[in-house]
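Quick mapping for you: the protein sequence lines, in order, are chains A and B. Going by the numbering used here, the first residue of the first sequence is number 1271, and it counts up by one from there. Going by the numbering used here, the first residue of the second sequence is number 291, and it counts up by one from there. Heads up, the beta-carbon is just placed ideally off N, CA and C, and yes, glycines get one too.
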Amino acid sequence: MSSTVGPDEKLCPFCAEVIRAAAVKCRYCHSDLPIETEPERTQLAPSEPDPEPPAESAWISASAPLEAEVPARLSRATSIMLAICVAMALGIAVTVFSARPDDLRTAGNGQVTSDAFRSAAMSAAAANVQTVLSYNYKTLDADETAARKVITDAYAKEYRSVMEKASPKAVTGKLSQKTTVEATSLISIKQTSARLLVFANRVITADSSNKQAVYQDRLLVEMKRDGGDWIVSKLTPF
Amino acid sequence: MTEGDHTTAGRSRGLIGLARFNSQVALAVLTGLLVLAFVVVLGLRIVHPESLSPGRAAASADQARDEHILAAARRAGLAFLDVDYRDLKPRMDKVISLSTGTFKKEYQSSAVEFAAAAKQGHAVSHGDIVRIGIEKADDDAAIVYVAADQTVSNLAIDAARKKDPKVDGKRLYRFQLNMTRVGDRWFLSGLKAVL
């Protein structure tokens, strides 16, 4: 019997002679050899962890905590960090999105520079001023109703107090006031508010006279945007 | 299992742990970078929002342009209303230096006549820009409206005041100023009263 068994050899379990590892029948005793369903483990696969590492290995001792207890702790840390990452990414996206330019071309200080938006505000100011500052003694109620539609509720009180004084005089003197806006310019304009400099001419006529009184007004017009419409919130001659 | 097998298995486990540890470090670095980026973006949004969007930067550029126009119009308007017959030339030179085009030519051509009238009438006036607004503007030209007050004194007003103490020499103006850009500066190129 040979005492040396090569890598491709094995011992016959019946006659103990050295035979090939792949043999299914012993060439010496002709015994049928059992088929090995599970190859003998000669080396531990690198990917298979040792279920019970020996305590004497310093390397294993050092790495063992990572395997045994750290995963749970790190998974919590991972979850927290991932949550922060997502929150920061969303925060950046929202911040950048909120800084997007809109169609109004809004500057950093809130002033709108869109030509169309500015023109709309100036046109509204001119039309509103003409409505608010025009009346005829024959149509005072209708004139006041029309004016009421283009002014804010707060300014309506001031307008009403002025008209309460002006209306009796208008009726008595058969007066009409027609206002024409000669020039409009923007002092400042934001998305929901605007201040304008308006030059308007007021002509007051009396049915009983050919005379006219002409006033060249300089007006500070303050407006608010109600929905899509600009309405007068204050009108100050100076 | 031999001791060598245990050592190999432990080394494998150590490598896995090391890989996980490296992942944690990478994630921590990423988190730190994202937090830093968020702080920077939020700071820019608050302090310098136009830096986050070219459109907003263009709007801010328009706004800055309008401010230059208004400042130039205000300077020119004040210079135009500033008259003192005793020291007229530097005042008129200032108006000329702030103007261009048609207005400059007309002002220069009438300067001699104007100076003579001011000296003859002992004219002194000071102006104040009460309100100023822009009707329209582009990169080369603008129309500005100005509400200006002027306090005037001259021989005629002095004589009128002797008859009527209520005469105060105060004038309320409505001006249209045309502004034109020359190089990187804005100049007065037209002035007329709004009647």
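Practice prompt. Please list, in chain order, all residues of the same chain as A:L1374 whose beta carbon is under 7 Å from its beta carbon, the five residues on each side excluded.
Written response: V1382, S1384, F1387 and Q1461
Worksheet item: Is B:V414 helix, strand or coil by DSSP?
Response: strand
Worksheet item: Within this structure, are the beta carbons of B:L342 and B:R335 separated by less than 8 Å?
Response: yes
Practice prompt. Taking only beta-carbon positions, decide if B:D352 is within less than 8 Å of chain A.
Written response: yes
Discussion item. Cβ closer than 7 Å: which chain B residues qualify as neighbours of A:F1387?
Written reply: The contacting residues do not exist; A:F1387 stays about 11 Å from chain B at best.
Discussion item. Here's a check: name, in chain order, each residue in its chain whose Cβ is nearer than 6 Å to the Cβ of B:R421, leaving out the five neighbours to either side.
Written reply: A437
Item to complete: Express the C-alpha separation of B:F393 and B:M382 in angstroms, rounding to a whole number.
Response: 13 Å
Fill in: B:Q466 - DSSP class collapsed to helix/strand/coil
strand
Item to complete: Can you give me the Cβ contacts of A:C1285 inside the same chain, cut-off strictly under 8 Å, excluding the 5 residues immediately before and after it?
Response: C1296, Y1298, C1299 and S1301
Discussion item. Suppose you measure from the CA of A:S1389 to the CA of A:T1454; what does that come to, to the nearest Å?
Written reply: 10 Å
Worksheet item: Exposed or buried, A:S1431, counting other C-beta atoms within 10 Å across all chains shown (16 or more means buried)?
Response: exposed
Practice prompt. Taking 8 Å as the threshold, find out whether the segment 371 to 378 of chain B comes into contact with the segment 1405 to 1417 of chain A through three or more Cβ pairs.
Written response: no
Discussion item. By the three-class DSSP mapping on this structure, what secondary structure does A:T1454 have?
Written reply: strand
Practice prompt. Using the Cα positions of B:F404 and B:H358, report the straight-line distance between them to the nearest angstrom.
Written response: 29 Å
Discussion item. Assuming A:I1501 is part of the alpha helix (DSSP H), what are its boundary residues?
Written reply: It is not in any alpha helix (DSSP H) - A:I1501 instead sits in the beta strand (DSSP E) that spans D1499 to P1507.
Practice prompt. Report the residue from A:P1304, A:T1365, A:A1357 and A:T1401 whose alpha carbon sits nearest the alpha carbon of A:A1470.
Written response: A:T1401
Worksheet entry | Neighbouring residues, chain A, relative to B:R335 (Cβ below 9 Å) | T1365, V1366, S1368 and A1369
Fill in: Within chain B, partners of A:T1383 - CB distance below 7 Å
A349, D352 and Q353
Discussion item. Assuming A:Q1381 is part of the alpha helix (DSSP H), what are its boundary residues?
Written reply: Neither: A:Q1381 is in no alpha helix (DSSP H) and is coded neither H nor E.
Practice prompt. With 8 Å as the C-beta to C-beta threshold (strictly closer), list the residues of the segment 1419 to 1449 of chain A near chain E in chain order.
Written response: The displayed structure is made up of protein chains A and B, and chain E is not among them.
Worksheet item: Are the CB atoms of A:W1500 and A:A1391 nearer to each other than 8 Å?
Response: yes
Item to complete: On a CA-only basis, which of B:K395, B:V315 and B:R355 is nearest A:T1543? Give me that one, please.
Response: Chain A is shown from 1271 up to 1508; residue 1543 of chain A falls before or after that span and cannot be answered.
Worksheet item: Using the rule of at least 16 other Cβ atoms within 10 Å of the residue's Cβ for burial, across every protein chain shown, is A:E1492 buried or exposed?
Response: buried
Worksheet item: Does B:E425 come within less than 8 Å of chain A when only Cβ atoms are used?
Response: yes
Worksheet entry | DSSP three-state assignment for B:E396, whether helix, strand or coil | helix
Practice prompt. Could you check what DSSP says for B:V325 in three-state terms: helix, strand or coil?
Written response: helix
Practice prompt. Determine the DSSP secondary structure at B:D439, reduced to helix, strand or coil.
Written response: strand
Discussion item. Please list the terminal residues of the continuous alpha helix (DSSP H) segment that includes A:T1415.
Written reply: L1410 to R1418
Discussion item. Quick check: the Cα distance between A:Y1405 and A:Q1447, rounded to an integer number of angstroms?
Written reply: 5 Å
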